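Top line first, the protein sequences correspond to chains A and B. Once you know that position 93 of the first sequence is 93 in our numbering, the rest is easy, because the numbers rise by one and skip nothing. Every position in the second sequence, counted from 1, becomes a number in our numbering once 1000 is added. Glycine included, every Cβ here is placed at the ideal spot set by N, Cα and C. For clarity, every value in this text was computed on a predicted model and none was experimentally measured. Below is one structure, written out as C-alpha cells; the observations come after it.
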Amino acid sequence: MKKIVLTFALLLTVSFAFATNKIEETSKESKEKIVTLLSKTTLDKIIKTVKYVDHTCTYAVYNSSGERLGTVVMSGVPNNVSCSSSAAKRRALEIWNQNK
Amino acid sequence: MKSVFVFISCFVVSIFYAQENKILKVEYAEITTYIPQIVNHDNGLLLISSNESYYKTIFNRFLSRKKMTADSDDLIIRLPENEKDYFSEILINKSKNTLTENLFDRYAIKKFLAVSEKIPKMDWKLLKGEKKISDFLCKKAETTFRGRTYTVYYTEEIPVSAGPWKFNGLPGLILSAEDKEGIYKWKVKSVKYPYKGTFDLSDVYNRIKKFKKMSYKEFDSKRIEIFKIKSKTTKARSGQKQAVFLIFSTKQWKEPINKWRNQTDF
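Pasting the structure below:
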C-alpha cells in the first residue's frame, strides 16, 4: 500500500513538473512574439504620424519688377495643407508683411 | 607707345573740354532683367561738365508694365511696388573726388538718403574687339566691381572718363555696359555735344542737404544690420510647433559685395 501511494505521489510530482515547464515555455514565446509585434506596429505608427503631422514650405518673394526680395521658410505646416494652397501662401505673406 | 599717345590726346581734349566748359549730354536705355519673364525698361540721363558729372535713372518701367498676372509657379509670392520707392541720382565731383548718390532705399532703410564715398576705383582690363555703336568706334573692356563683372564698350572719340551709373576710369565715354549675369544693361540712345540746355545742379545739392547723409560703408552696414534683425526676430517669434525663417540675399543687387563684406545671404 505504502509503495503504491509513493509511486502515485512520484508520478503526480513529475507530471506537475513537466506540465509547469511546458506552460512556461509557451508563455515566454508568445510574450516575445507579442512584444515584437507591438514594437513594429508602434514604430510604423510613429513614423506615419510624424510624416503626417507637418512639412516645410519655402516661398520666394518677388516684387513686380521681378527682383527677389527674400525667402520665407515655414516649417510645421500641417500635412493636409498644401504649400501651394492659398491659406499657406496667405500665412507666408503675413509673415513677410509683419517683418517689412 | 600707343597708350601714351591715347593718354596725351585724352589729356589735351579734357583740357579743351574743361576750358570750354561745354556740357555733354548722353541718354541711355537702362534694361534690368532679374528674371527672364520680366524685362524692366528705364532711361538714364548723363550730363558732364568740366568738373562734375550727373547721372539720373528715370524709372519709367511702370508705364509699360502690364497688369500683374497670377504666377504659374505656386511657390512664388509677387508683391506690388510703389513707384515712389524708385529714386536714384549720382553726382560725381572730380575736384573733390566724391561720388554722392541720392536715393530711396527700398530694401531696408526705407528713407531718402545721400550716400557719399570717394570716386570708386575700377580696375579695367582692356580686351580685344571693336564695334561701332551710334557711329562711334568703340573698344571693349571689362571690370569686376563690388561682386559683379561688367563688359563695356567705350569710345575714345569722346575722351571723357565717364559712363552710366558709377562707371569711370576708361579713356573714353562708355556707350554700352552689361553685367555677366545679364541682369543690368545700359545702351546709349543719344549723344549731344555741346548740349544747349541748362546744367543746373542746385536741386541736386538741395536734395543732398535735405536727405539723411551717410557714407557708403555706413549705408551698407545699416542695411545688412536691418536684414539680420528681421531674420532674427522671425526666428524668435517661431513657436515650438512652427518655425519661420526669412532669408535675405544681396545676390541681385548692383553691388552684391564690397570691400567690407563678402557675404550675400542673411
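Nearest-angstrom Cβ-Cβ length linking residue i and residue j, presumed shorter than 8 Å
{"i": "Ile1208/B", "j": "Thr1100/B", "result": "6 Å"}
{"i": "Leu1246/B", "j": "Val81/A", "result": "With a Cβ gap of about 20 Å, Leu1246/B and Val81/A do not count as contacting."}
{"i": "Ile1183/B", "j": "Tyr1034/B", "result": "6 Å"}
{"i": "Asp1042/B", "j": "Asn1060/B", "result": "6 Å"}
Cβ-based neighbour list, residue i, same chain, cut-off 6 Å, excluding 5 preceding and 5 following
{"i": "Ser1053/B", "result": "Ile1092 and Ala1162"}
{"i": "Ser75/A", "result": "Thr56"}
{"i": "Thr26/A", "result": "In this prediction, Thr26/A has a pLDDT of 45, which is less than 50 and means its spatial position is unreliable; what the coordinates show is noted afterwards. So the list is empty, once near-sequence residues are dropped."}
Per-residue contacts from residue i into chain B (C-beta, under 7 Å)
{"i": "Asn99/A", "result": "Lys1230, Thr1233, Thr1234 and Leu1246"}
{"i": "Asn80/A", "result": "Simply none; closest approach about 15 Å."}
{"i": "Ala92/A", "result": "Ile1077"}
Residue i (DSSP reduced to helix, strand or coil)
{"i": "Ile1119/B", "result": "coil"}
{"i": "Asn1097/B", "result": "coil"}
{"i": "Thr26/A", "result": "With a pLDDT of only 45 at Thr26/A, under 50, the local geometry of the prediction cannot be trusted, and the value read off the model is given with reservation. Note: Thr26/A maps to helix in three-state DSSP."}
{"i": "Tyr59/A", "result": "strand"}
{"i": "Ser1348/B", "result": "Examination of residue 1348/B is not possible in this model, given that chain B is present from 1001 through 1266 alone."}
{"i": "Ala1243/B", "result": "coil"}
{"i": "Gln98/A", "result": "helix"}
{"i": "Asn1206/B", "result": "helix"}
{"i": "Phe1112/B", "result": "strand"}
{"i": "Ile1077/B", "result": "strand"}
{"i": "Arg128/A", "result": "This structure cannot settle anything about residue 128/A, because the visible part of chain A is limited to 1 through 100."}
{"i": "Ser75/A", "result": "strand"}
{"i": "Leu1103/B", "result": "strand"}
{"i": "Arg1146/B", "result": "coil"}
{"i": "Lys1213/B", "result": "strand"}
{"i": "Ser1249/B", "result": "strand"}
Residue i versus the options, residue with shortest Cα-Cα distance
{"i": "Asp1220/B", "options": "Asn1258/B, Leu1201/B, Phe1248/B and Lys1189/B", "result": "Asn1258/B"}
{"i": "Glu1117/B", "options": "Ile1090/B, Thr1098/B and Thr1250/B", "result": "Thr1098/B"}
{"i": "Lys1125/B", "options": "Phe1136/B, Tyr1154/B, Lys1111/B and Ile1133/B", "result": "Tyr1154/B"}
{"i": "Lys1187/B", "options": "Glu1255/B, Gln1263/B, Lys1196/B and Ile1174/B", "result": "Ile1174/B"}
{"i": "Lys1096/B", "options": "Ile1119/B, Ala1108/B, Val1039/B and Trp1165/B", "result": "Ile1119/B"}
{"i": "Ile1038/B", "options": "Arg1078/B, Lys1213/B and Lys1025/B", "result": "Arg1078/B"}
{"i": "Asn63/A", "options": "Pro1080/B, Ile1076/B, Leu1045/B and Ser1134/B", "result": "Pro1080/B"}
{"i": "Gly66/A", "options": "Glu1181/B, Thr1032/B and Asp1123/B", "result": "Thr1032/B"}
{"i": "Pro1036/B", "options": "Glu1181/B, Ala1177/B, Lys1251/B and Lys1230/B", "result": "Glu1181/B"}
{"i": "Pro1159/B", "options": "Trp1165/B, Gly1169/B, Val1152/B and Thr1151/B", "result": "Gly1169/B"}
Cross-chain neighbours of residue i in chain A, by beta carbon under 7 Å
{"i": "Arg1061/B", "result": "Ser65"}
{"i": "Ile1038/B", "result": "Ser65 and Gly66"}
Chain-ordered chain A contacts of residue i [CB-CB under 8 Å]
{"i": "Ile1226/B", "result": "Here the premise fails: no neighbours, minimum Cβ distance about 10 Å."}
{"i": "Ser1249/B", "result": "Arg68, Gly70 and Thr71"}
beta-carbon residue i near the ligand COA non-hydrogen atom, thresh 7 Å
{"i": "Gly1172/B", "result": "The ligand COA is not part of this structure, which contains no ligands at all."}
Same chain, Cβ closer than 7 Å to residue i, five either side skipped, listed in chain order
{"i": "Thr1234/B", "result": "Val1244, Phe1245 and Leu1246"}
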